[in-house]
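S.K.: Numbering (UniProt numbering), first residue to last: 1 to 240.
1. Determine contact between the segment 165-178 and the segment 126-142, defined as no fewer than three beta-carbon pairs at a distance below 8 Å.
2. Between 131, 46 and 22, which lies nearest to residue 28 when the distance is taken from Cα to Cα?
3. Between residue 138 and residue 198, how many whole angstroms is the CB-CB distance? I'm expecting something under 8 Å.
4. Could you give the C-beta distance for residue 112 and residue 204, rounded to a whole number, given that I count them as a contact under 8 Å?
5. Residue 54 and residue 63 - do their beta-carbons sit closer together than 8 Å?
6. For residue 212, does the three-state DSSP call read helix, strand or coil?
7. Under three-state DSSP, which class holds residue 184?
8. Expressed to the nearest angstrom, what Euclidean distance is found between the alpha-carbon atoms of residue 196 and residue 70?
9. Between 194, 161, 200 and 193, which has its C-alpha nearest residue 181's C-alpha?
10. Where does residue 36 fall in DSSP's three states?
11. Residue 151 and residue 88 - do their beta-carbons sit closer together than 8 Å?
12. Report all residues from its chain with a CB closer than 6 Å to the CB of residue 133; omit the five preceding and five following residues, and keep chain order.
13. Would you say residue 212 and residue 224 are within 8 Å of each other, going by their C-beta atoms?
14. Report the option in 40, 17, 143 and 172 whose CA atom is closest to the CA atom of residue 106.
15. Quick check on DSSP: helix, strand or coil for residue 225?
16. Below 8 Å on the Cβ atoms is my guess for residue 232 versus residue 34; work out the distance and round it to an integer in Å.
17. State the start and end residues of the unbroken alpha helix (DSSP H) segment that holds residue 169.
18. By Cβ distance, which residues of its chain are closer than 7 Å to residue 148, with the 5 residues on each side in sequence left out?
19. In this structure, what does DSSP give as the bridge partners for residue 230?
20. Looking at the secondary structure, which residues open and close the alpha helix (DSSP H) in which residue 51 lies?
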């Protein structure tokens, strides 16, 4: 690759890394220094912000809660979406396109639309403030997205592979697990990433459906906002 092509790439990479550097930079500053002016590195270096994160139980429990229900949601979403996407990519049936579009409309709807029904349902069956409650609520948005992404990857796999596997005596579960899933491994990785990221950063449902035991880090981070202002240093440390 020529130098003329490499230089723009490095400039673009540095541009992308600036917000990350600034976040790390802020995490080692006091609020006074952050609000006092622009400095490229900490003038009054402090680890107090990280001390708050690692010594306050609510902070690290928030990380664990988020990690638990995010992983749970990702596994459920992929488990449901894989066979559904296979059906949409391989079979044609009455109303398949309408059903596929209806599935995608769930992803297009704002979470606030489902907030009250979820709250009333989970409160009545005893799932309020549990990890599974948030994981299942996020499935409403992640499953359609997962089906849409995986269907595109599966459509690119020739149907002759399916037929050849059946001729060789493979059952459907054996063919699906040993042959088909490895062929769309990159698609599964992309889908898992998007499901993970949505569930990790989503705040409205996660905050409303939890109170103490399953409160995620996204909700805990709102504690940095108070009547006296925003604790920017702690917020930056939590982001790192």
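Heads up, the beta-carbon is just placed ideally off N, CA and C, and yes, glycines get one too.
Keep in mind the model is a prediction, meaning the values are calculated, not measured.
M.R.: For this structure:
1. no
2. Taking the chain shown and counting its residues from 1, one reaches residue 28 at position 28. Closest option to residue 28, Cα to Cα, is 46.
3. For the purposes of this step, residue 138 is identified with residue 138 of the chain shown, where counting begins at 1. For the purposes of this step, residue 198 is identified with residue 198 of the chain shown, where counting begins at 1. Confirmed, about 7 Å.
4. Working through the chain shown from its first residue, we reach residue 112 at position 112. Working through the chain shown from its first residue, we reach residue 204 at position 204. About 6 Å separates the two Cβ atoms, so the contact holds.
5. Working through the chain shown from its first residue, we reach residue 63 at position 63. Working through the chain shown from its first residue, we reach residue 54 at position 54. No, the Cβ-Cβ distance between residue 63 and residue 54 is not below 8 Å.
6. The sequence position of residue 212 within the chain shown is 212, counting from 1. It is coil, neither helix nor strand.
7. Here residue 184 corresponds to residue number 184 of the chain shown, with the count starting at 1. Coil, per DSSP.
8. Here residue 196 corresponds to residue number 196 of the chain shown, with the count starting at 1. Here residue 70 corresponds to residue number 70 of the chain shown, with the count starting at 1. If you take the alpha carbons of residue 196 and residue 70, they lie about 6 Å apart.
9. As a first step, residue 181 must be located in the chain shown, where it is residue number 181. When only C-alpha atoms are compared, the closest one is 161.
10. Counted from its first residue, the chain shown places residue 36 at position 36. Looking at residue 36 - three-state DSSP - the assignment turns out to be helix.
11. Walking along the chain shown from the start, residue 88 turns up at place 88. Walking along the chain shown from the start, residue 151 turns up at place 151. Yes, the pair counts as a contact, with Cβ atoms nearer than the cut-off.
12. Position 133 of the chain shown holds residue 133. Excluding residues within five positions, the ones whose Cβ falls inside 6 Å are 122, 127 and 209.
13. Working through the chain shown from its first residue, we reach residue 212 at position 212. Working through the chain shown from its first residue, we reach residue 224 at position 224. For residue 212 and residue 224, no; Cβs fall outside 8 Å.
14. The residue labelled residue 106 in the question sits at position 106 within the chain shown. Comparing Cα positions, the closest option is 143.
15. Counting from one through the chain shown, the residue named residue 225 turns up at place 225. Three-state DSSP puts residue 225 in a strand.
16. Position 232 of the chain shown, counted from the start, is the residue given in the question as residue 232. Position 34 of the chain shown, counted from the start, is the residue given in the question as residue 34. About 5 Å; that satisfies the 8 Å criterion.
17. Counting from 1 along the chain shown, the entry for residue 169 is found at position 169. From DSSP, residue 169 is part of no alpha helix (DSSP H); its letter is neither H nor E.
18. Taking the chain shown and counting its residues from 1, one reaches residue 148 at position 148. 104, listed in sequence order.
19. By 1-based counting over the chain shown, the position of residue 230 is 230. Partner(s): 225.
20. Here residue 51 refers to the residue found at position 51 when the chain shown is read from its first residue. Run containing residue 51: 48-55, per the alpha helix (DSSP H) assignment.
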